[in-house]
Structures are given as C-alpha cells and as structure tokens.
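Trainee: Residue numbers (full-length UniProt numbering): 1 to 301.
Yeah, the Cβ is synthetic: ideal placement off N, Cα and C, and Gly gets one too.
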Amino acid sequence: MSLRAPPDERSPAELLEFGVVNLDKPAGPSAHQFTGWCRDAVADALDRAGSDATVDEAAHSGTLDPKVTGCLPTLFGDATRLAQVFLEGTKEYVAVLELHGRAPGDVEAVASEFEAPLYQKPPRKSAVTRRLRVREVYDLDVLEVEERRALVRIRCESGTYIRKLCHDLGLALGTGAHMGHLRRTATDPFDDSTLVSYHDLVDALAFWVEDGDETPLREVVQPAERALTHLPSVTIAPSASEQVAQGAPVYAPGVISVESGEQGDLVACYLPGGTAVCLGTLVGDPDAESGTVVELERVLV
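(1) Whose C-beta lies closer than 6 Å to the C-beta of Pro223 among residues of the same chain, with five residues either side of it excluded?
(2) Exposed or buried, Lys67, counting other C-beta atoms within 10 Å across all chains shown (16 or more means buried)?
(3) Is it buried or exposed for Lys121, if we count other Cβ within 10 angstroms and need 16 for buried?
(4) For Val234 versus Val294, is the C-beta spacing smaller than 8 Å?
(5) In chain order, what residues of the same chain have a beta carbon less than 6 Å from the beta carbon of Gly254, not counting five sequence neighbours either side?
(6) Nearest CA to the CA of Asp106: which residue from Glu115, Val142, Leu82?
(7) What whole-angstrom Cβ distance do Ala53 and Glu17 have, given they're in contact under 8 Å?
(8) May I ask which residues mark the beginning and end of the alpha helix (DSSP H) holding residue 305?
(9) Please identify the residue among Ser30, Gly273, Ala252 whose C-alpha is closest to the C-alpha of Ser288.
(10) Quick one: what's got a C-beta closer than 7 Å to Leu75's C-beta in the same chain, skipping five residues either side?
(11) What is the DSSP secondary structure of Val152, reduced to helix, strand or coil?
(12) Alpha carbons only, please: which of Trp208, Phe190, Leu99, Ser193 is nearest the one belonging to Asp168?
(13) Answer yes if the segment 129–138 comes into contact with the segment 203–214, meaning at least three C-beta pairs across the two stretches below 8 Å, and no otherwise.
(14) Using a Cβ-Cβ cutoff of less than 6 Å, which residues in the same chain neighbour Asp265 once the five nearest sequence positions on both sides are dropped?
(15) Between Phe34 and the rest of its own chain, which residues show a CB-CB distance below 6 Å, the 5 nearest in sequence each way excluded?
(16) Go ahead and pull the three-state DSSP assignment for Ser260.
(17) Would DSSP call Pro12 helix, strand or coil?
(18) Residues in its own chain within less than 6 Å of His181 by CB, not counting five upstream and five downstream?
(19) Would you list the residues sitting across from Arg135 in a DSSP beta bridge?
(20) Compute the Euclidean distance between the alpha carbons of Val277 and Ala245, then round it to the nearest angstrom.
(21) Helix, strand or coil for Pro66, going by three-state DSSP, please let me know.
(22) Whose CA, out of Ser51, Asn22, Arg298, lies closest to the CA of Asp191?
(23) Is the CB-CB distance between Phe114 and Ser158 below 8 Å?
(24) Going by DSSP, name the residue or residues bridged to Arg184.
(25) Round the Cβ separation of Arg48 and Val209 to the nearest angstrom and send it over; I've been treating them as touching at under 8 Å.
(26) With distances taken Cα to Cα, identify the nearest neighbour of Ala79 among Leu15, Val110, Leu46.
(27) Below 8 Å on the Cβ atoms is my guess for Val250 versus Gly280; work out the distance and round it to an integer in Å.
(28) Could you work out which residue in Cys156, Leu201, Tyr270 is closest to residue 357 when comparing CA atoms only?
(29) If you measure between the beta carbons of Val152 and Ala111, is that distance less than 8 Å?
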C-alpha cells in the first residue's frame, strides 16, 4: 500500500487534504459556520486547480460562541480523524469580567482561590448534557482592574465554561459579575502567535491556484502532524505501519523509539520520516520482545 509522504515533501493538494490552519475566528459567525466557510474555500481551490484531491470535511478545536474570537485550529480532509487530540490539551483565554459593582481590593486574592478543580454544570443553552462535572483551572491571573471591570487570563482544562467561571467569580467577590468580551489565545499545541485570518487563507489559496505560487499557502496551512506535537510520540517501522493501516495494534517488534509517555497516555505514532500513522493508547513496554505496545484508536494513513 502507499503511505502518505513525509510532511515536508507533500504537494499543495496533499497538504490541504491532510492539513491544519490555526484560524483566528472573528466575532459574528459560530465556530461551525466559520470552519464551514474555510472548508468550502479549500474545496473550491482544489476544484479550480484541477486536483483529484478532495476536502469535504473540517473539524475545529472546540466550540466558540458567535461573539467569542480567537484561536480556532481547524483540520481539513483526512486530518479530521485526529480531532480528538484537542480534548487532551490546555486552553487559554483572556476575558473581560463585567462586575456588577465597584471592584473590591482583593480581586487578585479571590481569583487565586479558583486555581483548582472546579465543579461546573453546562449552561442551559449548551449542546451537551447538563450534568455536574469537574474541570480544572490551572492559572487565573488578574491583568488589570478598572472600577467595574477586570481583565483576566485563564489557563484551564479543555471543556471549562468561562461564562460560568465569571459568574462564580462575581459571586465570590460579592459584587456579582458576568462575562464580557472573550478571546481564546491558545489551545494546545497552538497559540495566538501563529493565527491566520479567513482572508489570509483565501489569499494564499488564490496565489496558488491563479499564480502557481505555493509559498503563501505553505505559510498558512501546516501539515496535520503539527496538531500532534503536544502528545507523546512513538516511531514505528514502515512494516508495522502497513499492519496498523489494516487495523492491527502496534506490537513491540515494530517500535523503533518512544519519546516520553506513560501507560494509559494517548500517543501519536509516526514513520521515521515524520508521517503520522495513528493515534493510540500506550499499553505495553516498548523494550519488550513481544506484546502490544500501542492499542489502536485512530488510523491516520
């Protein structure tokens, strides 16, 4: 069988068919609408370029409400198979906390009490079941306070409801509060230093299709492997990858090396050239002579 080429050897069409873009979502559309526009732009460009490659799907890194802006890494084509990796990492936000009274003098001290695992129930309008669950806030920094507003930065576990966090923080401050503007500044392994706008993407596609210039496209679209860099990695032999493509787990004889990772971790498996082969759970000893090392979760080739 033919395996995907190494990331730095892929054509523009191959890049789009298994690519990720760190999109900067604007206020207005929902995350679903916005990624749909971008998917359609990519599909149209491939069609105009006369490519046999197709992009019918896109998957993003977690819902952002229409008014919320910022970091929305989006996977295209076959890369949508690895969307689950965004559930593994940390997310970071900057929010305006709209207080219902003048800010007390102990805002920073009260905020620090929220750096812990917190009980949260999803809002009534949420798309998920409204049951009590725990999400951890790793850091909650008060950046600036001005009368009835506070600017806060939050690093938290994926799935944390920032609107609920702002409400609870207001109760703890004794003033009441609600969330004002919210911007996501990072979602592992991406942050706001490499954000790409919709117009950046469309322009890069036009340069490629109309002028044959691949450079802007390669600056905007990254190989989907970029979305896996925060996971432990396992390098496997080409012969093992062929077995994985048929649904087999990764056995010890096929393992070349393991970089970090503990039993039970979600890991990404690669060929020596850097091509992602699968996602799986590390279950065995890679130094053993036999036995399963990685239980298969998602085939990526």
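Mentor: Per the coordinate set shown:
(1) As a working mapping, residue 223 is identified with position 223 in the sequence shown. Pro7, listed in sequence order.
(2) Reading the sequence shown from its first residue, position 67 is the one you call residue 67. Exposed, by the Cβ-count rule.
(3) Within the sequence shown, the letter at position 121 stands for residue 121. Exposed, because fewer than 16 other Cβ atoms sit within 10 Å of the Cβ of Lys121.
(4) Your numbering for residue 234 matches position 234 in the sequence shown. Your numbering for residue 294 matches position 294 in the sequence shown. A contact, by the Cβ cut-off of 8 Å.
(5) Taking the first residue of the sequence shown as position 1, residue 254 is located at position 254. Answer for Gly254: Ile236, Ala237, Ala240, listed in chain order.
(6) If you number the sequence shown from 1, residue 106 lands on position 106. Closest by alpha carbon: Val142.
(7) As a working note, residue 53 is residue 53 in the sequence shown. As a working note, residue 17 is residue 17 in the sequence shown. That pair is a contact at about 4 Å.
(8) Beyond the ends of the chain as shown, which are 1 and 301, falls residue 305; an answer cannot be given.
(9) In the sequence shown, counting from the first residue as 1, residue 288 sits at position 288. Note that residue 288 is Ala in the sequence shown here, rather than Ser. With distances taken between Cα atoms, Ala288 lies closest to Ala252.
(10) If you number the sequence shown from 1, residue 75 lands on position 75. Result list for Leu75: Val20, Ala58, Ala59, Leu82, Ala83, Ala224, Ala227, in chain order.
(11) As a first step, residue 152 must be located in the sequence shown, where it is residue number 152. The answer is strand: DSSP assigns Val152 an E or B state.
(12) On the sequence shown, position 168 is the one that residue 168 refers to. Here the closest residue by C-alpha is Leu99.
(13) no
(14) In the sequence shown, residue 265 corresponds to position 265, counting from 1. Counting only Cβ-Cβ distances below 6 Å, and skipping sequence neighbours, we find Pro232, Leu282.
(15) Start at 1 with the first residue of the sequence shown, and residue 34 comes out as number 34. Same-chain partners within the cutoff: Lys25.
(16) Residue mapping note: residue 260 aligns to position 260 of the sequence shown, counting from 1. The answer is coil: DSSP assigns Ser260 none of H, G, I, E or B.
(17) Counting from one through the sequence shown, the residue named residue 12 turns up at place 12. Three-state result, Pro12: helix.
(18) Stepping through the sequence shown from its first residue, residue 181 is reached at position 181. Excluding sequence neighbours, His181 sits near Val96.
(19) To locate residue 135, count along the sequence shown from 1; it is residue 135. For Arg135, which the question treats as bridged, DSSP gives the partners Leu118.
(20) Taking the sequence shown and counting its residues from 1, the one referred to as residue 277 is at position 277. Taking the sequence shown and counting its residues from 1, the one referred to as residue 245 is at position 245. Cα to Cα, Val277 sits roughly 8 Å from Ala245.
(21) Translated into positions along the sequence shown, residue 66 becomes position 66. Pro66: coil per DSSP, three-state reduction.
(22) Within the sequence shown, residue 191 is the residue found at index 191, counting from 1. Checked all of Ser51, Asn22, Arg298; the closest Cα to Asp191 is Asn22.
(23) Position 114 of the sequence shown, counted from the first residue, corresponds to residue 114. Position 158 of the sequence shown, counted from the first residue, corresponds to residue 158. Against a cut-off of 8 Å, the Cβ pair of Ser158 and Phe114 comes out as no contact.
(24) On the sequence shown, residue 184 is found 184 positions in, with the first residue counted as 1. The partner list for Arg184 (beta bridge, DSSP) reads Gly70, Tyr93.
(25) Working through the sequence shown from its first residue, we reach residue 48 at position 48. Working through the sequence shown from its first residue, we reach residue 209 at position 209. Right, their Cβ atoms sit about 5 Å apart.
(26) Counting from one through the sequence shown, the residue named residue 79 turns up at place 79. Here the closest residue by C-alpha is Leu15.
(27) As a working note, residue 250 is residue 250 in the sequence shown. As a working note, residue 280 is residue 280 in the sequence shown. Indeed they touch by this definition, with Cβ atoms about 7 Å apart.
(28) Summary: the structure shown does not reach residue 357, with the chain confined to residues 1 through 301, and so no result is reported for it.
(29) On the sequence shown, residue 152 is found 152 positions in, with the first residue counted as 1. On the sequence shown, residue 111 is found 111 positions in, with the first residue counted as 1. In this structure, Ala111 lies closer than 8 Å to Val152 by Cβ.
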